[in-house]
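One structure below.
Protein chains: 2
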Amino acid sequence: MNEDTFQRFSAADLRTFIDNTFKAFEVPQADAAQAADVLVTSDLRGIDSHGVARLRKYVELMSEGLINPRPNVRILRERMSTATVDGDNGLGLVVGPKANQIAIEKAEKVGSGWVSVCNTNHFGIAGYYPLQALQKDIIGWAMTNTGKWMAPIFGAERMLGTNPIAIAFPGLKEPPVVIDFATSAVSFGKVQIKRREGKDLPDNWILDPDGNPSNKVDDLLTGGTLLPLGSTRETGGHKGYCMAAMVDILTAVLSGANWGPFAPPFASRVFIPEKSVGKGIGHFFGAMSIDGFMDVDEFKTRIDEWVQRFRETKAAPDTQGVLIPGDPERFAEAERKESGIPIIRPVIEDLKWVAEKAKIDWIQ
Amino acid sequence: MNEDTFQRFSAADLRTFIDNTFKAFEVPQADAAQAADVLVTSDLRGIDSHGVARLRKYVELMSEGLINPRPNVRILRERMSTATVDGDNGLGLVVGPKANQIAIEKAEKVGSGWVSVCNTNHFGIAGYYPLQALQKDIIGWAMTNTGKWMAPIFGAERMLGTNPIAIAFPGLKEPPVVIDFATSAVSFGKVQIKRREGKDLPDNWILDPDGNPSNKVDDLLTGGTLLPLGSTRETGGHKGYCMAAMVDILTAVLSGANWGPFAPPFASRVFIPEKSVGKGIGHFFGAMSIDGFMDVDEFKTRIDEWVQRFRETKAAPDTQGVLIPGDPERFAEAERKESGIPIIRPVIEDLKWVAEKAKIDWIQ
Numbered sequence: 205m206n207e208d209t210f211q212r213f214s215a216a217d218l219r220t221f222i223d224n225t226f227k228a229f230e231v232p233q234a235d236a237a238q239a240a241d242v243l244v245t246s247d248l249r250g251i252d253s254h255g256v257a258r259l260r261k262y263v264e265l266m267s268e269g270l271i272n273p274r275p276n277v278r279i280l281r282e283r284m285s286t287a288t289v290d291g292d293n294g295l296g297l298v299v300g301p302k303a304n305q306i307a308i309e310k311a312e313k314v315g316s317g318w319v320s321v322c323n324t325n326h327f328g329i330a331g332y333y334p335l336q337a338l339q340k341d342i343i344g345w346a347m348t349n350t351g352k353w354m355a356p357i358f359g360a361e362r363m364l365g366t367n368p369i370a371i372a373f374p375g376l377k378e379p380p381v382v383i384d385f386a387t388s389a390v391s392f393g394k395v396q397i398k399r400r401e402g403k404d405l406p407d408n409w410i411l412d413p414d415g416n417p418s419n420k421v422d423d424l425l426t427g428g429t430l431l432p433l434g435s436t437r438e439t440g441g442h443k444g445y446c447m448a449a450m451v452d453i454l455t456a457v458l459s460g461a462n463w464g465p466f467a468p469p470f471a472s473r474v475f476i477p478e479k480s481v482g483k484g485i486g487h488f489f490g491a492m493s494i495d496g497f498m499d500v501d502e503f504k505t506r507i508d509e510w511v512q513r514f515r516e517t518k519a520a521p522d523t524q525g526v527l528i529p530g531d532p533e534r535f536a537e538a539e540r541k542e543s544g545i546p547i548i549r550p551v552i553e554d555l556k557w558v559a560e561k562a563k564i565d566w567i568q
Numbered sequence: 205m206n207e208d209t210f211q212r213f214s215a216a217d218l219r220t221f222i223d224n225t226f227k228a229f230e231v232p233q234a235d236a237a238q239a240a241d242v243l244v245t246s247d248l249r250g251i252d253s254h255g256v257a258r259l260r261k262y263v264e265l266m267s268e269g270l271i272n273p274r275p276n277v278r279i280l281r282e283r284m285s286t287a288t289v290d291g292d293n294g295l296g297l298v299v300g301p302k303a304n305q306i307a308i309e310k311a312e313k314v315g316s317g318w319v320s321v322c323n324t325n326h327f328g329i330a331g332y333y334p335l336q337a338l339q340k341d342i343i344g345w346a347m348t349n350t351g352k353w354m355a356p357i358f359g360a361e362r363m364l365g366t367n368p369i370a371i372a373f374p375g376l377k378e379p380p381v382v383i384d385f386a387t388s389a390v391s392f393g394k395v396q397i398k399r400r401e402g403k404d405l406p407d408n409w410i411l412d413p414d415g416n417p418s419n420k421v422d423d424l425l426t427g428g429t430l431l432p433l434g435s436t437r438e439t440g441g442h443k444g445y446c447m448a449a450m451v452d453i454l455t456a457v458l459s460g461a462n463w464g465p466f467a468p469p470f471a472s473r474v475f476i477p478e479k480s481v482g483k484g485i486g487h488f489f490g491a492m493s494i495d496g497f498m499d500v501d502e503f504k505t506r507i508d509e510w511v512q513r514f515r516e517t518k519a520a521p522d523t524q525g526v527l528i529p530g531d532p533e534r535f536a537e538a539e540r541k542e543s544g545i546p547i548i549r550p551v552i553e554d555l556k557w558v559a560e561k562a563k564i565d566w567i568q
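Going down the list, the protein sequences come from chains A and B.
All the letters of the first sequence, read from the start, carry residue numbers 205 to 568 under the numbering used here.
All the letters of the second sequence, read from the start, carry residue numbers 205 to 568 under the numbering used here.
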């Protein structure tokens, strides 16, 4: 990015702006602050596609009455270490943290907590949730299903979302190991970047609408599909399909949400699913108290040793060597806390549109 | 395979042979039967690399006193829904089922159970364990770390095993969805098949000892590495690395076992790890009672609908269309229960060696 194409904003300014936006749409104060925290954390960690860049879409959905600003998030069914939660069609940015909190509380009581959530909406970055759990020495998991983009291996039809998985482990002196990835070979965001640059796509990212390999962004946009992680049968694409299926079942089949091709899209006008098989999309949260397995400091010390040994891995040619999961996001966060968060012009235009729509001040 | 290269055996005959073998090495009767069940299930399900073909290696390890035939499998630490188990250096085929049973019992009591296991050995196919949980309407998970073969992305050194993950979900009228895969792009078994056929390897399977892409089996055997699922940075290889790391941490760091490059190899003479950072290898089992989330029959009916819709996916050209996870193994099992299990000549020779070593009869 060169300086002409973006402008930097402080996390504090963005947080206030997002907070005010949600409050303008009748989201209660605490929930608005929570939602702002999820989005700003994404921007700080360098995951630009899931942060403030999405605020306009949330606002569109709220303006159209498609999201409930004041949900009654409630437990439908539970046992000591499990629960199913109905998000009452609230913002995923609000429902997600509440359901995650239920998992954490169960972990504190009985060692672990597992919560499947229906009737919810997109919850931001999956990595946000295990980061919350880390603060209590809990290993946190998060998954969500999303609107369809991916074909199962041997398929030529959008059947699954990019269904991410996140999990994190705390170190003692070393930073935590934070894993957060989509189960497709690449996210839609990466395709958008190539499109903006006017470039063809690398091999093994997408299929055209007939199910043939393609390098053309247009083939994806006119009905093609993202490939699962592993891409082809020969290089393990069936494994990425299995993982996306696992996430779909734990988040949506198990909770009573819409699964697979019936998951509603993030932007309401992309497509309308052919039918409904449940309520909203689904999330799944897990929380495991470390002290249910091992002395907490002993575990953290072992993670430190793991991190140190992996950093010492012999590097492949023409690379900077092995990273620890979570390193790229941590580096981004350090830099952005210092220098501000770069926002590209089209997103700034979207945010000014939001300010007008919400009748709030734009950042001075 | 043509008829000259293999011979078929009934599951019952193989089971008796394996059972007698383990008993000859002082494994108690119930444990020997359990171990035989894990191996025969693998062969029945078509996963030839993990079944009776491994019996010779188990026998070698037992002959050398490297595995304890009569382990005292015990809980080191627990909370209501979690535990850490010490396998007392027993067969993974015995320790695994016992630890899995502890997870299942916790799920019956409080909704879920999560068990991390140290001081154990290779446990057969990961898919065996969730199949046990299914019998009680429990969603089961299993993972294990294994001896090093895989390089992290940007690495040129063996740091992780092929660390598999398995999970299964029951249907009502449809067969269960059974997910079981290694987190490398391909298993070592697939490389061995190409080697036997005298063929080069496809792109994106391995690196040579210097960390360069290679298609030569010899490059793998002389110090090269398997690539993680996703293979390259461009097609998501960092995600396969993250998954293998997750399995390594949950199974080995959390339990007190040897993690990463320190995990002992399956065959004792392949390599000796540079140091020990714990006891044996590690497993991780999870069990979640469906009724902790949803009415059991409602869930199973939803799985049936999921399976039916995914079977109807528009097929990609030159494919037979989309399979449900677990289909290939189920088809193999139906065929092999009927026609017997095909065992290739080199494995038959190994089994005859085992018969002699154990002083038991070979199958008539």
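The beta carbon of each residue, even a glycine, is placed where N, CA and C say it ideally should be.
Cβ distance (whole Å) where A/Met347 is taken to contact A/Ala330 below 8 Å:
Between the beta-carbon of A/Met347 and that of A/Ala330 there is about 7 Å, and that keeps the pair under the 8 Å contact cut.
If you reduce the DSSP assignment to three classes, tell me which class A/Val319 lands in.
strand
Cutoff 6 Å; reference B/Pro356; Cβ partners in own chain excluding five residues on either side
Met363, Tyr445, listed in sequence order.
Inter-residue spacing [alpha-carbon to alpha-carbon] between B/Leu405 and B/Val421
7 Å
Does the structure place the segment 236–252 of chain A close enough to the segment 445–465 of chain B that three or more beta carbon pairs sit under 8 Å?
no
Drop a sphere of 10 angstroms on the beta-carbon of A/Glu361, count the other beta-carbons inside from all chains shown, and report buried for 16 or more, exposed for fewer.
When all chains shown are included, A/Glu361 counts as buried.
Can you find at least 3 beta carbon pairs, one from the segment 477–484 of chain A and one from the segment 479–489 of chain B, that sit closer than 8 Å?
Here the segment 477–484 of chain A makes no contact with the segment 479–489 of chain B; the two share fewer than three CB pairs at distances below 8 Å.
Got a sec: which bits of the segment 397–425 of chain A sit with their beta carbon under 9 Å from any beta carbon on chain B, in order along the chain?
Of all residues in the segment 397–425 of chain A, Pro406, Asp407, Asn408, Trp409, Leu411, Asp414, Gly415, Asn416 have a Cβ within less than 9 Å of some Cβ in chain B.
When we look at the beta-carbon of A/Ile222 and count the other beta-carbons within 10 Å, is it buried (16 or more) or exposed?
buried
Under the three-state reduction of DSSP, which class applies to A/Val451: helix, strand or coil?
A/Val451 sits in a helix when the DSSP states are folded into three classes.
Residues in the segment 382–393 of chain A having any Cβ partner in chain B nearer than 7 Å
Ile383, Phe385, Ala389, Val390
So which residues of chain B does A/Ile453 contact, with C-beta pairs closer than 8 Å?
Phe373, Val381, Ile507, Trp510
Roughly how many whole angstroms lie between the Cα atoms of A/Thr220 and B/Thr429?
49 Å
List the residues of chain A whose Cβ lies closer than 9 Å to the Cβ of B/Arg281, in chain order.
Asp495, Gly496, Phe497, Met498, Asp499
Determine the contact status of A/Thr324 and A/Ile485, defining contact as a CB-CB distance below 8 Å.
For the pair A/Thr324 and A/Ile485, the CB atoms are nearer than the 8 Å cut-off.
Would you list the residues sitting across from A/Phe488 in a DSSP beta bridge?
Looking at the DSSP assignment, A/Phe488 forms a beta bridge with A/Ser320, A/Met347.
In chain B, which residues lie less than 7 Å from A/Ser435 when you measure between Cβ atoms?
Thr439
Can you tell me whether DSSP reads B/Glu537 as helix, strand or coil?
The answer is helix: DSSP assigns B/Glu537 an H, G or I state.
Beta strand (DSSP E) containing B/Ala467: first to last residue?
First-last for B/Ala467: undefined, no H or E at that position.
For the alpha helix (DSSP H) containing A/Arg400, name the first residue and the last one.
392–400
So, under 8 Å CB-CB, B/Ala449 and A/Pro529 are touching, yes? Tell me the CB distance rounded to an integer number of Å.
6 Å
Check whether the segment 391–410 of chain A and the segment 534–543 of chain A touch, using three or more Cβ-Cβ pairs below 8 Å as the test.
no
Does A/Gly359 get closer than 8 Å to chain B when you measure Cβ to Cβ?
yes
Would you call the CB atoms of B/Leu431 and B/Ser388 closer than 8 Å?
yes
Which residues of chain C have a Cβ atom closer than 9 Å to the Cβ of B/Arg513, listed in chain order?
Judged by its chain identifiers, the structure shown contains no chain C, and its protein chains are A and B.
At what residues does the alpha helix (DSSP H) containing B/Ile222 begin and finish?
215–228
Considering only residues of the segment 272–314 of chain A, which uninterrupted alpha helix (DSSP H) runs meet the minimum length of 4 residues and lie entirely inside it, listed in chain order?
296–314
Do we get a CB-CB distance below 8 Å when we pair B/Met354 with the residues of chain A?
Chain A contact via Cβ: absent.
I believe B/Asn276 touches B/Asp252 by the beta-carbon criterion, under 8 Å. Please report the beta-carbon distance rounded to the nearest angstrom.
In this structure B/Asn276 does not touch B/Asp252 by the C-beta definition: roughly 33 Å separates them, more than the 8 Å allowed.
Apply the 10 Å Cβ neighbour rule to A/Arg283 and answer buried if 16 or more other Cβ atoms are within range, or exposed otherwise.
Around the CB of A/Arg283, 16 or more other CB atoms lie within 10 Å, so the residue is classed as buried.
Decide if B/Thr426 is buried, meaning its Cβ has at least 16 other Cβ atoms within 10 Å, or exposed.
If you draw a 10 Å sphere on the C-beta of B/Thr426, you find fewer than 16 other C-beta atoms in it, and that means exposed.
Local conformation of A/Ser493 per DSSP, three classes
strand
Please classify A/Ala234 as buried or exposed, where buried requires at least 16 other C-beta atoms within 10 Å of its C-beta.
exposed
Does chain B have any CB closer than 8 Å to the CB of A/Thr517?
yes
Just list the residues that DSSP pairs A/Gln211 with in beta bridges.
A/Ile547
Here's the rule I'm using: 16 or more other beta-carbon atoms within 10 Å means buried, otherwise exposed. How should A/Gly269 be labelled?
exposed
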